[in-house]
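Below is one structure; the comments refer to it alone.
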Amino acid sequence: MLGQLLMSGLAAGSLYALTAVAVVVVFRNTRTINLAQGDFAMMGAFLALIFIKSLGLSYLFALGLSVVCIMALGVLTERLVMRPIADSGWLTLFTATLGVYYILHGVSGWLWGRDTKAFPVTFDPTPIHFLGTVVSEGHLINMAWVTAIGALLYSFFRYTKQGIAMRAVTDDPETAQLMGIPVRFIVMLTWAMAGFLGAFAGILAAPIIYVAPEMMDEVLIKGYVAAVFGGLYSIPGAILGAILIGVAENLAGGYLGAHFKTAIAFVMIVILLAFRPQGLIGIQKRREV
Amino acid sequence: MAESITTTAAPAPSGSRAAVATLKNTFQMQNWVLAGLFFAACFVFPLLPFVEGWMVFQGAFIIIYIMAAQGVSILTGYTGLVTVGHGAFLAIGAYTAALLMKYTGLSVIPGMIAGGLVSAVFGLALGLVFLRLAGAFMAIGTLGFAFFIGAIVNNVPIFEGRTGISLPPNTVFGFEIDDFGFYYVALVTLALTTLFVHSLIRSGVGRAFKALRDSDKAAESSGVNRLLYRTLAFSISAFITGVAGALNGLIVNYISAEVYGDIWYSVDLLVAAVVGGSAMLFGPFLGGFFVAMVPFYLEELADFAFILKGVALIAVLVLAPAGVAEVVARPVRAWRQRKLLEAGESPELADAPGPPTGGGS
Amino acid sequence: MTHLRCEGITVRFGGVMACDNVSIEVPEGKIVGLIGPNGAGKTTLFNVLSRFQEYESGHITYRDQNVDRKKPHEMIRLGMARTFQNLNLFGEQSTLDNILIGAHRHLGNPLANMFSLPGARRNEAALVDKALAVADMLHLNHQLDKPVKSLSYGWRKRVELARALAADPEMILLDEPVAGCNDEAAAELEEIVRHVNRNLGVTMLLVEHDMSMVMKVCDYIYVINFGANLADGTPAEVQENADVIAAYLGEPTQ
Amino acid sequence: MTLLRLRDVEVNYGAVRALRGISLSVEPGTVVALLGANGAGKSTIQKAISGLLKPTVGDIEFDGHRLNSLSPREIIRLGIATVPEGRKIFKDLSVSENLRMGAYSRSDRAGIAQDQEMVLDLFPVLKERTKQLGGSLSGGEQQMLTIARGLMARPRMLLLDEPSLGLAPLIIADIFRILKKINADKGMTLLIIEQNVHVALQNADYAYVLQLGRVTVEGTAKELQENREVIASYMGTQAHAAAG
Chain A
1 MLGQLLMSGL AAGSLYALTA VAVVVVFRNT RTINLAQGDF AMMGAFLALI FIKSLGLSYL
61 FALGLSVVCI MALGVLTERL VMRPIADSGW LTLFTATLGV YYILHGVSGW LWGRDTKAFP
121 VTFDPTPIHF LGTVVSEGHL INMAWVTAIG ALLYSFFRYT KQGIAMRAVT DDPETAQLMG
181 IPVRFIVMLT WAMAGFLGAF AGILAAPIIY VAPEMMDEVL IKGYVAAVFG GLYSIPGAIL
241 GAILIGVAEN LAGGYLGAHF KTAIAFVMIV ILLAFRPQGL IGIQKRREV
Chain B
1001 MAESITTTAA PAPSGSRAAV ATLKNTFQMQ NWVLAGLFFA ACFVFPLLPF VEGWMVFQGA
1061 FIIIYIMAAQ GVSILTGYTG LVTVGHGAFL AIGAYTAALL MKYTGLSVIP GMIAGGLVSA
1121 VFGLALGLVF LRLAGAFMAI GTLGFAFFIG AIVNNVPIFE GRTGISLPPN TVFGFEIDDF
1181 GFYYVALVTL ALTTLFVHSL IRSGVGRAFK ALRDSDKAAE SSGVNRLLYR TLAFSISAFI
1241 TGVAGALNGL IVNYISAEVY GDIWYSVDLL VAAVVGGSAM LFGPFLGGFF VAMVPFYLEE
1301 LADFAFILKG VALIAVLVLA PAGVAEVVAR PVRAWRQRKL LEAGESPELA DAPGPPTGGG
1361 S
Chain C
2001 MTHLRCEGIT VRFGGVMACD NVSIEVPEGK IVGLIGPNGA GKTTLFNVLS RFQEYESGHI
2061 TYRDQNVDRK KPHEMIRLGM ARTFQNLNLF GEQSTLDNIL IGAHRHLGNP LANMFSLPGA
2121 RRNEAALVDK ALAVADMLHL NHQLDKPVKS LSYGWRKRVE LARALAADPE MILLDEPVAG
2181 CNDEAAAELE EIVRHVNRNL GVTMLLVEHD MSMVMKVCDY IYVINFGANL ADGTPAEVQE
2241 NADVIAAYLG EPTQ
Chain D
3001 MTLLRLRDVE VNYGAVRALR GISLSVEPGT VVALLGANGA GKSTIQKAIS GLLKPTVGDI
3061 EFDGHRLNSL SPREIIRLGI ATVPEGRKIF KDLSVSENLR MGAYSRSDRA GIAQDQEMVL
3121 DLFPVLKERT KQLGGSLSGG EQQMLTIARG LMARPRMLLL DEPSLGLAPL IIADIFRILK
3181 KINADKGMTL LIIEQNVHVA LQNADYAYVL QLGRVTVEGT AKELQENREV IASYMGTQAH
3241 AAAG
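Here's what the structure looks like:
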């Protein structure tokens, strides 16, 4: 039972991780919590669904195309909404992402309706036995995807010029500017990355849940909670947080009853923020006067 | 030992005191006049011949929204703590009143007060728990709180989840009231909360809130107790929204987790505060009206309502970052300045040469 | 009598020793200067004394009372106000409101205050009187209505001082009161500082880079370098101290 | 031909006029020091030259190009690399990543690799720590890293803002020895903004003294070493007499 719960937790956690990392990436370079992150995911899922159903594209091709579109959506969000108000206080930036949330919710509902749609299942739905647990092939595939994306991100941030520059901008935007790093371009890149991660989150979640405007609302909230585990700053922290939440809610659901499954993430966040506001692995910021 | 700097110094020149008095009074006058007009109009509204029953109901609904947004403005506008969780206080107020009415037969007014008080207790607790949080962390924390309350009302049996709790008709002082009567109860309550908010933000306590918002270091070095004032702001804010929540539940004689278990109220209330102007007395009036009316008029086009709301929100943020009320107040402020000058009250108040300033990096 | 004393204050930021066993003593009613090159740890020590900054070891006593565990807002109740080097004002608010917040310690019962009960109104009027008196002393009368962010730098420096004075403090920690002011404005502020000290009996601890001001107004000076006490004495003694001159000019390299 | 020239430059910093008509020039291949106490406007000059602040009046010219309206990115491409004050390395980046960011404006892979070897030879302490995070270095090592990072842009002029700030005398001496070596071996022009008069005058060819946003004294380093006004500007007017 325990092993089974852990496995389900990992599967759920890996989906939260994509969202959490996107939240962290945007926050680090813009000070904004992106409330529209879930909508990037939802739009990604919708687009992929349309590409597959209406245009008859193959799954992988639809996925790739949808990812590119949502990256463009991220860039568009930055250029049209965030850049004009970039110098405002963070409440303004934050509420602006809420505006994007409303718009994307509205657009998707208007174009595709509010009823939930099924996403074509590309894997064998019969559960398989794996390491002594029962798990669906879909979950395993998702975990593989997420691991691959994680490795891709790691190499991007570690080895590429733009990836390192993105971290440099996080670290100290003014000095980054002095090095000739185009900070605005980097911020745009950040939003593209949020789109990239969002599209994947949506498309990977879609076969497991469903496709509808509000499909990602709950995943998004758990993504925030996970992001806070890393102090909204650390990517490994966010990933760890996501897995912790996935596991904790499955354990709570399994041992305490289904009622507790949803509440546990919020209990965790309240406790975490009360005792370690800088996050579990967040950097301890010195109080400057 | 320093006796008192301010008593040993020369007495304040009467000119500047008169100027200050005039300033404060004109400001206050404007607020009184505006508030007077608003409440008079609202009072007459249901009595107008063309007004139908549903309009009165909708009017009461708007009033409740305004009140709830006032609660948010105390915390987000005046104290600078962004809350995305005030739907939780709305829920706490609503469920407190509803449960009391169902199990003890308590009527509207005591239910409202109880709803406010229980909500304030939760506010106090949350203020203490989140004492060290600011900015985005506070936003996520309050959001988490709202979800937590949502999970509770959905799952703990006494709240009856999505089935909901149906309530008997409302009574005030033993008389049964309909939507019409309820409208006036809400209106009077809003008048009281407005009066209170007005008094609060002009008092030393309001000054301390704003000080914490603008620079908590400077505030603390001036003797503002962060713990005390932050928890106070949380409690007051939760109280007002809790009262609104009680009214919100009672007006339809039914509450369910379908409505209160959702995060939507929280987000809408923040939008109401920001769009109207969260640090303006009349900001919540405009914002509350906006948020309450958009879905109403566009119910048929639910998704357009969403798009419209998003576009309007972004437009306000770009064009009037301090809220619509601030834009409306601008000409009024200019007018006041002109009047002061015309009255020859103190031309120097308008502009005076400063001491020459030097360089420095 | 000693007004404020700290002994053996040590503060470490990661591997950097911001304060290394610093001790100073401020006698009642005097103006004591705290000087040292950039990055010597002056502001850190200020933050320690006003209790914004925790420290590893050492003790602080205010009028023989140990204040190691006090919070910043409690220091003002004991009578110690401070100003900030880089101005920490409430920019959106009027000058008057900025000064009024300085008088916060005289606010009285917050509950009575927020309902504007009659007693609180009288008290509020008294606070406004205080604020006006302070404004008058600093010639801020004509700026009262304006949002502070619209004022020039020189005026804002004064608002900062006015806020500290509005508390009726017995001691003020002044962090670079004349930085960025030209000679005329600096001279005027210097006069005000002297007036507040000599005529109103307020003890002062002054961090300032304008040496001419430090030398003129201070009764006693502490010099710190690399976070540690380097020298102390009267202005004349300090000016002649070879270590001090070397610290300011950079030690000759071997 | 003069490499860098400032003509009557004024800069407003918010409401403060931080620079009130600065004129100075830097000849190629020389070491020029810009001295001043706190609040004299030194960092403002650095920001104006490197493009973070725009002059409201006056001109900044580098090698015949007017810098006034250029971005930091364009200025670094013209050949001015800035070593900002306060050891502003990227703390969460490793030493070699910091160096790589210094070369952000370049795209010649081979040249970058070559220059990385070169700067690591100049600062052997860094060579042992290329994988270490910038934030874990000691103060002196961090300062060396900022200089090394500046060199990675392969600039024609290095603009250093208070390289001695908060460092112990021996480390300061070490850093200036290396700076002199860079100047001598590569003919690199150095504009050093300093508070530490002694070390600056010992190593510079020419110097300007800044007071309240104005240049009050200038001359060759030798002349200034003898000049009591320099000391006076640091120690208050009475020190003038005292030192005399």
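Protein chains in written order, with this note's numbering: chain A, 1 to 289; chain B, 1001 to 1361; chain C, 2001 to 2254; chain D, 3001 to 3244. For every residue, glycine included, the Cβ atom is placed at its ideal position computed from N, Cα and C.
CB-CB length for residue i against residue j, believed under 8 Å
{"i": "residue 3041 of chain D", "j": "residue 3019 of chain D", "result": "5 Å"}
{"i": "residue 134 of chain A", "j": "residue 4 of chain A", "result": "7 Å"}
{"i": "residue 195 of chain A", "j": "residue 73 of chain A", "result": "5 Å"}
{"i": "residue 1130 of chain B", "j": "residue 273 of chain A", "result": "6 Å"}
{"i": "residue 46 of chain A", "j": "residue 211 of chain A", "result": "6 Å"}
{"i": "residue 2084 of chain C", "j": "residue 2160 of chain C", "result": "7 Å"}
{"i": "residue 10 of chain A", "j": "residue 143 of chain A", "result": "7 Å"}
{"i": "residue 2045 of chain C", "j": "residue 2026 of chain C", "result": "The pair is not a contact, with the Cβ atoms about 12 Å apart (cut-off 8 Å)."}
Partner residues on chain B for residue i, Cβ-Cβ distance less than 9 Å
{"i": "residue 2100 of chain C", "result": "1204 and 1207"}
{"i": "residue 2091 of chain C", "result": "1214 and 1215"}
Burial state of residue i (16 or more Cβ within 10 Å)
{"i": "residue 2105 of chain C", "result": "buried"}
{"i": "residue 1105 of chain B", "result": "exposed"}
{"i": "residue 3089 of chain D", "result": "buried"}
{"i": "residue 1175 of chain B", "result": "exposed"}
{"i": "residue 215 of chain A", "result": "buried"}
{"i": "residue 3004 of chain D", "result": "buried"}
{"i": "residue 3121 of chain D", "result": "exposed"}
{"i": "residue 2242 of chain C", "result": "exposed"}
{"i": "residue 1066 of chain B", "result": "buried"}
{"i": "residue 1173 of chain B", "result": "exposed"}
{"i": "residue 1332 of chain B", "result": "exposed"}
{"i": "residue 3002 of chain D", "result": "exposed"}
{"i": "residue 1051 of chain B", "result": "exposed"}
{"i": "residue 1072 of chain B", "result": "buried"}
{"i": "residue 1101 of chain B", "result": "buried"}
Amino acids of chain B, ordered along the chain, whose beta-carbon sits closer than 8 Å to that of residue i
{"i": "residue 84 of chain A", "result": "1318"}
Neighbouring residues, chain C, relative to residue i (Cβ below 7 Å)
{"i": "residue 1200 of chain B", "result": "2114"}
{"i": "residue 1225 of chain B", "result": "2073"}
{"i": "residue 3037 of chain D", "result": "2209"}
{"i": "residue 3165 of chain D", "result": "2038 and 2039"}
{"i": "residue 3139 of chain D", "result": "2016"}
Whether residue i touches residue j by CB criterion (8 Å)
{"i": "residue 3270 of chain D", "j": "residue 3069 of chain D", "result": "Past the boundaries of the shown model lies residue 3270 of chain D; chain D is included only from 3001 to 3244, so the question cannot be answered."}
{"i": "residue 1059 of chain B", "j": "residue 1045 of chain B", "result": "yes"}
{"i": "residue 2036 of chain C", "j": "residue 2224 of chain C", "result": "yes"}
{"i": "residue 277 of chain A", "j": "residue 1133 of chain B", "result": "yes"}
{"i": "residue 18 of chain A", "j": "residue 200 of chain A", "result": "yes"}
{"i": "residue 1222 of chain B", "j": "residue 2060 of chain C", "result": "no"}
{"i": "residue 3081 of chain D", "j": "residue 3200 of chain D", "result": "no"}
{"i": "residue 1261 of chain B", "j": "residue 1272 of chain B", "result": "no"}
Closer than 7 Å at the beta carbon, the chain B residues around residue i
{"i": "residue 2088 of chain C", "result": "1215, 1217 and 1218"}
{"i": "residue 2107 of chain C", "result": "1204"}
Within chain D, partners of residue i - CB distance below 8 Å
{"i": "residue 2147 of chain C", "result": "Residues of chain D passing the Cβ test: none, with the nearest at roughly 13 Å."}
Interface residues of chain A facing residue i [CB-CB closer than 8 Å]
{"i": "residue 3101 of chain D", "result": "164, 165, 168, 176, 179 and 181"}
Contact test: residue i Cβ vs the ligand ADP heavy atom, cutoff 7 Å
{"i": "residue 3047 of chain D", "result": "In the structure on display, the ligand ADP does not appear, and there are no ligands present to speak of."}
For this session: Pick out the complete alpha helix (DSSP H) segments inside the stretch 2182 to 2239 of chain C, 4 residues or longer, and give them in chain order.
Result: 2183 to 2200 and 2211 to 2217
Exercise. Which ranges does the alpha helix (DSSP H) cover as unbroken runs of at least 4 residues, wholly within the stretch 212 to 258 of chain A, from first to last along the chain?
Worked result: 217 to 229 and 235 to 255
For this session: Quick one: which unbroken alpha helix (DSSP H) runs of 4-plus residues sit fully inside the stretch 90 to 152 of chain A? Chain order, please.
Result: 90 to 112
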